[in-house]
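Undergrad: In our numbering, the protein residues as written are 3 to 198.
My structure is below; once you've seen it, I'll send some questions.
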Amino acid sequence: CRLGVYKHGLRIIAFMGLVVLVTVIRSGGDLFDRWDPQFVRGHTVESRLPSLLAGLLAGWQHPLGLGVQGYTEVASDLYSELQWLEGSEYILTVAPHNHIVNNFVAFGFPGLVICSLYYIILFRLSYNLARNTSLGSLRVLSLGCFGCFIAEFIYAQTHNAGPFHTDIAHWYVVGLLFAAYKLQLQFQDQRTDQVR
Numbered sequence: 003c004r005l006g007v008y009k010h011g012l013r014i015i016a017f018m019g020l021v022v023l024v025t026v027i028r029s030g031g032d033l034f035d036r037w038d039p040q041f042v043r044g045h046t047v048e049s050r051l052p053s054l055l056a057g058l059l060a061g062w063q064h065p066l067g068l069g070v071q072g073y074t075e076v077a078s079d080l081y082s083e084l085q086w087l088e089g090s091e092y093i094l095t096v097a098p099h100n101h102i103v104n105n106f107v108a109f110g111f112p113g114l115v116i117c118s119l120y121y122i123i124l125f126r127l128s129y130n131l132a133r134n135t136s137l138g139s140l141r142v143l144s145l146g147c148f149g150c151f152i153a154e155f156i157y158a159q160t161h162n163a164g165p166f167h168t169d170i171a172h173w174y175v176v177g178l179l180f181a182a183y184k185l186q187l188q189f190q191d192q193r194t195d196q197v198r
């Protein structure tokens, strides 16, 4: 049974690789034109470090948070401290580019703790469900959720969007994980009733 799942997974990966290859070939090389050095050196790259440092400083200076809109007022005060950094002029116009730091700035230490607990609980729940379930389909589903949470966590390190700010798609995966967890509990109850 496990061999069949692995073969099926390899077929899906091979198909997706073929789709990517055909897309690159059909684009005639135009697909990667946007990655030229002038595009990469835009404000989105130059603003990352100064805005991240400004967000961390704002969070430390206001431990109970600034609210969602309060960052821009405090950022103007922090500009003088960080103006030596390349791209520091963007501190006044962009957010920290980090979902966890955004929560820290907006909601203070309580927001940082809640965001951290959120990720810890989801990682542990999906990992433990995959490890302890005897149903192959629930194992695959929970491992898929675990992979999605890792991807979301990595994405949240470099973008403003996340589960608490404008990223509603993430909550679908959370719903799938809790549905899988409920199915596992029902399966365990049925097995317990059969043993009695």
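Ideal placement from N, C-alpha and C gives every residue a C-beta, glycine not left out.
Keep in mind it's a predicted model, so treat the numbers as computed, not measured.
Given a cut-off of 8 Å on the beta-carbon distance, is the pair Gly-113 and Gly-67 in contact?
TA: yes
Undergrad: Run through the DSSP bridge pairs and tell me what His-167 is partnered with.
TA: Gly-164
Undergrad: Look up Gly-177 in the DSSP assignment and say whether it is helix, strand or coil.
TA: The answer is helix: DSSP assigns Gly-177 an H, G or I state.
Undergrad: With a Cβ-Cβ cutoff of 8 Å, do Leu-101 and His-161 count as a contact?
TA: First, the residue type needs correcting, since residue 101 is His and not Leu in the sequence shown. Yes, the Cβ-Cβ distance between His-101 and His-161 is below 8 Å.
Undergrad: For Gly-110, which option in Leu-80, Val-142, Tyr-73, Leu-94 has the closest C-alpha, if you only look at C-alpha atoms?
TA: Tyr-73
Undergrad: In terms of alpha-carbon separation, which member of Gly-146, Val-70, Ala-16, Ser-90 lies closest to His-167?
TA: Val-70
Undergrad: Quick check: what's the CA-CA separation for Ile-89 versus Pro-52?
TA: The residue asked about is misnamed: residue 89 is Gly in this sequence, not Ile. If you take the alpha carbons of Gly-89 and Pro-52, they lie about 7 Å apart.
Undergrad: Report whether the distance from the Cβ of Leu-58 to the nearest heavy atom of the ligand GTP is below 7 Å.
TA: The ligand GTP is not among the ligands present in this structure, which contains no ligands whatsoever.
Undergrad: Helix, strand or coil, according to DSSP, for Gln-85 in the structure here?
TA: coil
Undergrad: Please return the same chain residues whose Cβ sits closer than 7 Å to the Cβ of Phe-180, not counting the five positions on each side in sequence.
TA: If we look at Phe-180 and ignore the five residues flanking it on each side, it has no Cβ neighbours.
Undergrad: Tell me whether Leu-187 is buried or exposed, calling it buried when 16 or more other Cβ atoms sit within 10 Å of its Cβ.
TA: exposed
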